[in-house]
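See structure below.
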Amino acid sequence: MLAQEALVFGRLHHVAYRCRDAQRTVDFYTEVVGLKYVAGLMPPENTRLSWPLNEAGKPPRKVVDGASDSIHIFFELGDGSYLAFFDVASSPQEQEDPATPWWVKHIAFETDSMEKLVAAKARLEAHGVQVLGPKDHDFCQSIYFMDPDGHRLEITVRTEESDTWRELAADAPVELAKWNELKRRKYGHQPAPGGKIAAMPADSTVVPA
Numbered sequence: 000m001l002a003q004e005a006l007v008f009g010r011l012h013h014v015a016y017r018c019r020d021a022q023r024t025v026d027f028y029t030e031v032v033g034l035k036y037v038a039g040l041m042p043p044e045n046t047r048l049s050w051p052l053n054e055a056g057k058p059p060r061k062v063v064d065g066a067s068d069s070i071h072i073f074f075e076l077g078d079g080s081y082l083a084f085f086d087v088a089s090s091p092q093e094q095e096d097p098a099t100p101w102w103v104k105h106i107a108f109e110t111d112s113m114e115k116l117v118a119a120k121a122r123l124e125a126h127g128v129q130v131l132g133p134k135d136h137d138f139c140q141s142i143y144f145m146d147p148d149g150h151r152l153e154i155t156v157r158t159e160e161s162d163t164w165r166e167l168a169a170d171a172p173v174e175l176a177k178w179n180e181l182k183r184r185k186y187g188h189q190p191a192p193g194g195k196i197a198a199m200p201a202d203s204t205v206v207p208a
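The opening residue of the sequence shown carries number 0 in numbering that gives the first Met the number 0; numbering runs sequentially from there.
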């Protein structure tokens, strides 16, 4: 195992999803959720067939091979990070993964009081949005709802005690070992072996940010 070094990741800068209609997404996140729409980026792929990726010590290589009509939209969150979406008109719409339960993929946003959580639920319901919860998870309470593209969103408020995460961290290796044993015994799964990390394709399509 590599020696412990300084954390590579700091805080989250942005997370990006795909949307079917940028205008509808802007309307929902500004009018219903209450976020600030701060950027709409039309990347250079829209106007140039290709642009070079300059990597130190390597010859420039093409990263886009063909036009891509898209816009990258950003909404600012309370801590200065961003929630972002791509509307890609030139590509087929993505399909739901039937093998993944609907509750697995989601993103959680934190608010700072139970009163604000209840107020958020009331605001969403006033706009006709179905809201589940609040749900008590012991260390937080959460509400859940969907956006127009079916992305599952969570708003959560911390309710942990001062030592909650210390205790969870101490138990984490044991819980992971128990999970690995359950998968082995019940489903015949073995932990995936370490191996070469997948590389970007030689002519990959890369969209900035």
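Glycine is no exception: its CB is placed at the ideal position from the N, C-alpha and C atoms. Computed from a predicted structure; not experimentally measured.
On the DSSP letters alone, give me the boundaries of the beta strand (DSSP E) that proline 133 sits inside. Position 134 of the sequence shown, counting from 1, holds the residue named residue 133. Run containing proline 133: 131-135, per the beta strand (DSSP E) assignment.
State the beta-bridge partners of serine 112 as determined by DSSP. The residue labelled residue 112 in the question sits at position 113 within the sequence shown. Paired residues: none, contrary to the question.
Residues in the same chain with beta-carbon distance under 8 Å from threonine 29, minus the five sequence neighbours each way, listed in chain order, please. The residue you call residue 29 lines up with position 30 of the sequence shown. Only Lys35, Tyr36, Phe74 meet the Cβ criterion.
Can you list, in chain order, the residues of its chain with a C-beta nearer than 6 Å to that of leucine 123? Leave out the 5 residues immediately preceding and following it. As a first step, residue 123 must be located in the sequence shown, where it is residue number 124. Taken in chain order, the residues that qualify are Val130, Phe144.
Do you know whose CA, among Asp137, Lys134, Thr155, lies nearest isoleucine 106's CA? Walking along the sequence shown from the start, residue 106 turns up at place 107. The shortest C-alpha separation from isoleucine 106 is found at Thr155.
Ordered list of alpha helix (DSSP H) runs contained in the stretch 135-188, each at least 4 residues: 163-186
So the candidates are Gln189, Gln92, Val32; which of them puts its Cα closest to the Cα of alanine 176? As a working mapping, residue 176 is identified with position 177 in the sequence shown. The option with the nearest alpha carbon to alanine 176 is Gln189.
From the DSSP secondary-structure annotation, give me the bridge partner or partners of aspartate 86. Here residue 86 is taken as the residue at index 87 of the sequence shown, counted from 1. Aspartate 86 pairs with Cys18, Ile70.
So the candidates are Phe27, Val173, Val117, Asp96; which of them puts its Cα closest to the Cα of lysine 134? Taking the first residue of the sequence shown as 1, we reach residue 134 at position 135. Closest option to lysine 134, Cα to Cα, is Val117.
Taking 8 Å as the threshold (C-beta atoms), are alanine 88 and isoleucine 72 in contact? Here residue 72 refers to the residue found at position 73 when the sequence shown is read from its first residue. Here residue 88 refers to the residue found at position 89 when the sequence shown is read from its first residue. No; because the gap between Cβ atoms is not below 8 Å, this pair is not in contact.
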